[in-house]
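K.L.:
Here the working numbering is used: the first residue of the sequence shown is 4, the next is one more, and so on.
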Amino acid sequence: MSAGQPQRSTGNKIVRFALVGLVNSGIDLAAFFLLLKLAIPALAANIGAWFVAVLFSFAANGFWSFERDPGIRLRQSFLRFVSLGALISLGVSSLSIAALAGAIGVWPAKIIGVVVAAVLNFLAARWSIEGRLLR
4 MSAGQPQRST
14 GNKIVRFALV
24 GLVNSGIDLA
34 AFFLLLKLAI
44 PALAANIGAW
54 FVAVLFSFAA
64 NGFWSFERDP
74 GIRLRQSFLR
84 FVSLGALISL
94 GVSSLSIAAL
104 AGAIGVWPAK
114 IIGVVVAAVL
124 NFLAARWSIE
134 GRLLR
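1. Specify whether the segment 113 to 131 and the segment 83 to 98 touch according to this definition: at least 3 beta carbon pairs, one from each stretch, less than 8 angstroms apart.
2. Can you tell me whether F64 is buried or exposed? The criterion is at least 16 other CB atoms within 10 Å of its CB, across all chains shown.
3. Please return the same chain residues whose Cβ sits closer than 8 angstroms to the Cβ of I43, not counting the five positions on each side in sequence.
4. If you drop the 5 nearest sequence neighbours on each side, which residues of the same chain put their C-beta closer than 7 angstroms to that of L38?
5. Between which residues of its own chain and I91 is the CB-CB distance below 7 angstroms, once the five residues before and five after are set aside?
6. Please list, in chain order, all residues of the same chain as F84 whose beta carbon is under 6 angstroms from its beta carbon, the five residues on each side excluded.
7. Quick check on the burial criterion: 16 or more other C-beta atoms within 10 angstroms. Buried or exposed for K16?
8. I'd like to check one pair, L46 with I107: are the Cβ atoms closer than 8 angstroms?
9. Inspect the beta-carbon positions of A34 and V55 and report whether they are closer than 8 angstroms.
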């Protein structure tokens with residue numbers, strides 16, 4: 004939250020977050036595809052793809068989607084973001100793959116996990132970067 008700059012509306016943040024999320028999902032899915040092509044097991048490929056995507060997501064959301072709270076050190080913000088990302092994105096997508104891949108296939112299971120995690124990630128990213136949830 005930089006001094007002298009107007010604060011973005013929640014709607015504006017949601018749109019920016021969604022755009023970053025679309026690009027981030029593309030990065031996640033591309034990395035997942037490449038890792039699967041390298042014969043990496045699906046759950047390990049999911050972890051690797053998530054790690055690549057979370058680095059992009061933190062940078063894009065931290066500097067474009069949200070206003071950083073100067074009271075939260077960058078390292079602390081990154082650790083919050085990665086921790087919550089691991090819990091939400093990685094947890095939901097891995098659970099989705101583990102639970103659904105046998106029944107519907109790896110790709111549909113991965114996509115379901117990505118979609119379910121998106122809403123939870125908005126709140127987590129806002130808290131990680133801005134230090135707030137709802138206001």
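For every residue, glycine included, the Cβ atom is placed at its ideal position computed from N, Cα and C.
P.N.:
On the basis of the data shown:
1. yes
2. Phe is not the amino acid found at residue 64; the sequence shown has Asn there. That one is buried.
3. G51
4. A48, G51 and A52
5. A120, L123, N124 and A127
6. F61 and S131
7. buried
8. no
9. yes
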